[in-house]
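Take a look at the structure below.
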Amino acid sequence: MPQLNFDTLIIGSGLAGLTLALNLAESRRKVGLITKQALLDGASGWAQGGIAATLSDEDSSGAHMLDTLISGAGLCNPAVTRYVVEKGPQAIQWLIRQGVPFTRDLDNRTGYHLTREGGHSVRRVIHAADATGQAVQLTLTEKVRSHPNISVLEHHMAVDLITGAKLGQTARNSSRCHGAYVLDSAAGVVRTIGANNTVLATGGAGKVYLYTTNPDTATGDGIAMGWRAGCRVANMEFIQFHPTCLYHPHAKSFLVSEAVRGEGGQLKLADGSRFMPWHDHRAELAPRDIVARAIDFEMKKRGLDCVYLDISHKPAEFLKEHFPNIYKRCLEFGIDITEQPIPVVPAAHYTCGGIVTDWNGKTDLDNLYAIGETAHTGLHGANRLASNSLLECLVFGQAAAADIIGQPPEPPPELPQWDESRVTNADEEIVISHNWDELRRFMWSYVGIVRTTKRLQRAGHRINLLHEEINEYYANFRVTSDLLELRNLVDTADLIVQSAMLRHESRGLHYSRDYPELLPEARDTVLKR
Ligand code: SIN
Numbered sequence: 134m135p136q137l138n139f140d141t142l143i144i145g146s147g148l149a150g151l152t153l154a155l156n157l158a159e160s161r162r163k164v165g166l167i168t169k170q171a172l173l174d175g176a177s178g179w180a181q182g183g184i185a186a187t188l189s190d191e192d193s194s195g196a197h198m199l200d201t202l203i204s205g206a207g208l209c210n211p212a213v214t215r216y217v218v219e220k221g222p223q224a225i226q227w228l229i230r231q232g233v234p235f236t237r238d239l240d241n242r243t244g245y246h247l248t249r250e251g252g253h254s255v256r257r258v259i260h261a262a263d264a265t266g267q268a269v270q271l272t273l274t275e276k277v278r279s280h281p282n283i284s285v286l287e288h289h290m291a292v293d294l295i296t297g298a299k300l301g302q303t304a305r306n307s308s309r310c311h312g313a314y315v316l317d318s319a320a321g322v323v324r325t326i327g328a329n330n331t332v333l334a335t336g337g338a339g340k341v342y343l344y345t346t347n348p349d350t351a352t353g354d355g356i357a358m359g360w361r362a363g364c365r366v367a368n369m370e371f372i373q374f375h376p377t378c379l380y381h382p383h384a385k386s387f388l389v390s391e392a393v394r395g396e397g398g399q400l401k402l403a404d405g406s407r408f409m410p411w412h413d414h415r416a417e418l419a420p421r422d423i424v425a426r427a428i429d430f431e432m433k434k435r436g437l438d439c440v441y442l443d444i445s446h447k448p449a450e451f452l453k454e455h456f457p458n459i460y461k462r463c464l465e466f467g468i469d470i471t472e473q474p475i476p477v478v479p480a481a482h483y484t485c486g487g488i489v490t491d492w493n494g495k496t497d498l499d500n501l502y503a504i505g506e507t508a509h510t511g512l513h514g515a516n517r518l519a520s521n522s523l524l525e526c527l528v529f530g531q532a533a534a535a536d537i538i539g540q541p542p543e544p545p546p547e548l549p550q551w552d553e554s555r556v557t558n559a560d561e562e563i564v565i566s567h568n569w570d571e572l573r574r575f576m577w578s579y580v581g582i583v584r585t586t587k588r589l590q591r592a593g594h595r596i597n598l599l600h601e602e603i604n605e606y607y608a609n610f611r612v613t614s615d616l617l618e619l620r621n622l623v624d625t626a627d628l629i630v631q632s633a634m635l636r637h638e639s640r641g642l643h644y645s646r647d648y649p650e651l652l653p654e655a656r657d658t659v660l661k662r
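Here is the structure:
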């Protein structure tokens, strides 16, 4: 199997990866973009609400920054936050130039409709009806597929990064990344891909939990690979639970956008009483951590299976125009949102922590970058503000491109091939499916919205056992994408639990019954191997 070489290898095809690829390709860099399923299968395409940016006259970067800092519960890096919000308008202009069909509003001076979401003090979320991620991804993937400088390898899953340390190089070169070993799932072989620069853009880790709004691809691959290669990882305890995932036995992972609350949707109990005003003066428009915790509290206190999101007081035409996909999907399950409240529950949605990076997406390893949900840039703090995630993908995708373009291209070295001489085909696939299920269940029960030290310890013990089994499996059997995902999920779960154990306070998305107070000083949880 000959080694494949690229100037830049991008692992992941969400908005961060596509933005980077297109920006690099314009300056004639040879880009390899690998994705473990098809190009459109990642989490970015599932984003409903939109992208936060200061576009209207009533708004300012100061206001966007303040909303982000308040939502982040004292843990956002203010300088990074300012940098990102100030880059927002130009990032949106770039998307408009690419042809993204954002919803228009000719009465608005910007020409675009801006919606509102929890934690935002003004309307600032530009969107394409209620399927913004899909509109963005469709536009960009078409460009990526037809670009002569970008080679797309679908159904290729990275196994591990190839670093100087792995190659036994001297201390001076040991921290350099040279590319990755990549499983070609269709052919069942592991390819060696060399690259001058490698970028982790694989998204988050929602699949670590039993209930999630994320697609099946969200298995923490980039975070786990970066960690195994020696990168620092920060703030992994801050897993965001989206307050409103559709509750229906046949609806897998269907999000009901926060924009529904932004446009007036109210959260209610079965008897029709509104409960959010009992919990926070901002009611349904409080930041997500507060709304999700309030729902969890009401459900546990009253022994409920779900609560209800009601927007039926709005005109039916308005709802069909602004939320066509939510309207259609709910109707498929017999729920007419123009007349009935929607049953909802919180579900794991977003990984606020990740691989530590600088303002250009650079990690601790030379020639290795991390961007998008995989990275920890300091923007999200202890709780991401709604619709700041796609913004972060755009800003850091462009920043990493500029940084890479500033370096002279260098051919990657000849790398050793993947060694399969001592492994055989797995004897029992049941071990993998059972462990997947077990991990996701105990993470949901023990490391969810409300935590205790005892529950975290229980989860930690189980993770140690799973680690042992999976490492043995990995050492003895040929790799498959299921095994690789499980290995990454267990590593990511371990990082979440370790980080949660280290935080002796309740802040943002991390709430511990044993440490309910907020400490006076906000500190990041940084893990190093
Ligand atoms: C939503 O539409 O509620 C999701 C948007 C986000 O996660 O920022």
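Add 133 to a position in the sequence shown, counting from 1, and you land on the number used in the numbering used here. Idealized CB from N, CA, C, for every residue including glycine. Source: prediction; values computed, not measured.
In the DSSP assignment, residue 228 falls within the unbroken alpha helix (DSSP H) covering 211 to 231.
Residue 198: not part of any beta strand (DSSP E); member of the alpha helix (DSSP H) spanning 194 to 204, first to last residue. At least one heavy atom of the ligand SIN sits closer than 8 Å to the Cβ of residue 517. When the Cα atoms are used, residue 221 and residue 533 turn out to be separated by approximately 16 Å. Taking C-beta separations shorter than 8 Å and ignoring five residues to either side along the sequence, the partners of residue 658 in its chain run 367, 368, 369, 370, 486, 632, 635, 636, following chain order. Residues of the same chain with a CB within less than 7 Å of the CB of residue 648, apart from the 5 flanking positions on each side, are 637, 638, 639 in chain order. In this structure, residue 251 and residue 481 do not form a Cβ contact; the two beta carbons are roughly 17 Å apart against a cut-off of 8 Å. Counting every other CB atom within 10 Å of its CB across the protein chains shown gives residue 405 a total below 16, marking it as exposed. Closer than 8 Å to some heavy atom of the ligand SIN: that does not describe the Cβ of residue 594. Comparing alpha carbon positions, the residue from 594, 568, 530, 614 closest to residue 579 is 594. Using a 10 angstroms sphere on the CB of residue 438, the tally of other CB atoms stays under 16, which defines it as exposed. Taking a 10 Å sphere around the C-beta of residue 623, we find 16 or more other C-beta atoms and assign the residue as buried. The shortest C-alpha to C-alpha distance from residue 289 to any of 614, 161, 502 is the one to 614. Residue state for residue 645 is assigned as strand, using DSSP reduced to three classes. In this structure, residue 304 lies away from residue 373, with their beta-carbon atoms at least 9 Å apart. In this structure the region 508 to 518 does not touch the region 290 to 301; the number of beta carbon pairs closer than 8 Å is below three. Burial state of residue 643 is buried, judged by a 10 Å Cβ sphere holding 16 or more other Cβ atoms. Closest in alpha carbon position to residue 477, among 186, 348, 391, 484, is 391. In the structure shown, the three-state DSSP call for residue 404 is coil. Here the C-alpha atom of residue 645 lies approximately 18 Å from the C-alpha atom of residue 484. DSSP lists no bridge partner for residue 364. Judged by DSSP secondary structure, residue 150 falls within the alpha helix (DSSP H) whose first and last residues are 148 to 159. Contact between residue 189 and residue 247 holds: their C-beta atoms lie close to 6 Å from each other, under 8 Å. Where residue 410 is concerned, the enclosing alpha helix (DSSP H) starts and stops at 409 to 412.
Judged by DSSP in its simplified three-state form, residue 557 adopts strand. DSSP places residue 317 in the strand class (E or B) of the three-state scheme.
For residue 329, no alpha helix (DSSP H) encloses it; the enclosing beta strand (DSSP E) starts and ends at 322 to 333. Non-local C-beta neighbours of residue 619 in its own chain, meaning closer than 7 Å and more than five positions away in sequence, comprise 565, 568, 569, 603, ordered along the chain. In this structure residue 193 is in contact with residue 187, their Cβ atoms being roughly 6 Å apart against a cut-off of 8 Å. Assigned with DSSP and collapsed to three states, residue 536 falls in helix.
Taking the Cα positions, residue 206 is about 30 Å away from residue 349.
The C-beta distance from residue 334 to residue 147 rounds to 6 Å, short enough to fall under 8 Å. Three or more Cβ pairs drawn from the region 328 to 348 and the region 496 to 512 lie within less than 8 Å of each other, which places the two stretches in contact. Pairing residue 467 with residue 444, the inter-Cα distance amounts to about 16 Å. Rounded to whole angstroms, residue 138 and residue 284 show a C-alpha spacing of 11 Å.
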